[in-house]
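Take the sequence shown: its letter number 13 is residue 115 in this note's numbering, and every next letter is one higher. To start, the structure under review is shown below, and the notes come after it.
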Amino acid sequence: LEYKQQWRGGLLMKVNPQYTSQTCSECKHIAVDNRQTQSKFECVKCRYVANADFNAARNILAAGHAVLSAEGGCSKGRPLKQKTSDLREKVA
Ligand SMILES: [Zn+2]
């Protein structure tokens, strides 16, 4: 993930990425049980349900980390069509 690279790059960041995926972005309750599956987040305390990545992103943003907006721009601008056709040629 992009934000891990930024993190290593020396940006001041107090958030442990592991906790951001287990922390409820609504009530800030931290529990392993919040993370039901890889993709789904459900808070055991307030019953907030969200996509796990989305919830983690909200936690990071709440901690004052704004790199994620740049990350979103990257995935949008990716030339997916070209990469797909390259892959097909290799497979064939
Ligand atoms: Zn909660």
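Don't be surprised by glycine CBs; every beta carbon is placed ideally from N, CA and C. Owing to the predicted nature of the structure, the values given are computational and were not obtained by experimental measurement.
Considering residue i, what are the terminal residues of the alpha helix (DSSP H) in which it resides?
i      : result
Asn157 : 154 to 164
Might you give, ordered along the chain, the residues of its own chain that have their beta carbon closer than 6 Å to the beta carbon of residue i, omitting 5 neighbours on each side?
i      : result
Thr125 : Ile132, Asn161
Ser127 : Asn157, Arg160, Asn161
Thr122 : Ala158, Asn161, Ile162
Glu144 : Gln138, Val151
Quick check on the DSSP output: the beta strand (DSSP E) that includes residue i runs from which residue to which?
i      : result
Glu144 : 142 to 144
Which value, in whole angstroms, describes the spacing of the CA atoms of residue i and residue j?
i      : j      : result
Ala159 : Lys130 : 13 Å
Ala164 : Asn153 : 16 Å
Gln138 : Arg149 : 12 Å
Say whether chain C places a C-beta atom closer than 8 Å to the C-beta of residue i.
i      : result
Glu128 : Judged by its chain identifiers, the structure shown contains no chain C, having just a single protein chain.
Excluding the 5 residues flanking residue i on each side, which residues of the same chain have their C-beta closer than 8 Å to its C-beta?
i      : result
Val146 : His131, Ala133, Asp135, Asn136
Let me confirm a value: residue i is counted as buried when at least 16 other C-beta atoms fall within 10 Å, else exposed. Which label applies?
i      : result
Phe156 : exposed
For residue i, which beta-bridge partners are listed by DSSP?
i      : result
Thr125 : Ile132
Arg137 : Phe143
Take residue i and list the residues in its own chain whose beta-carbon comes closer than 7 Å to its own, dropping the five residues that flank it on each side.
i      : result
Ser141 : Asn153, Ala154
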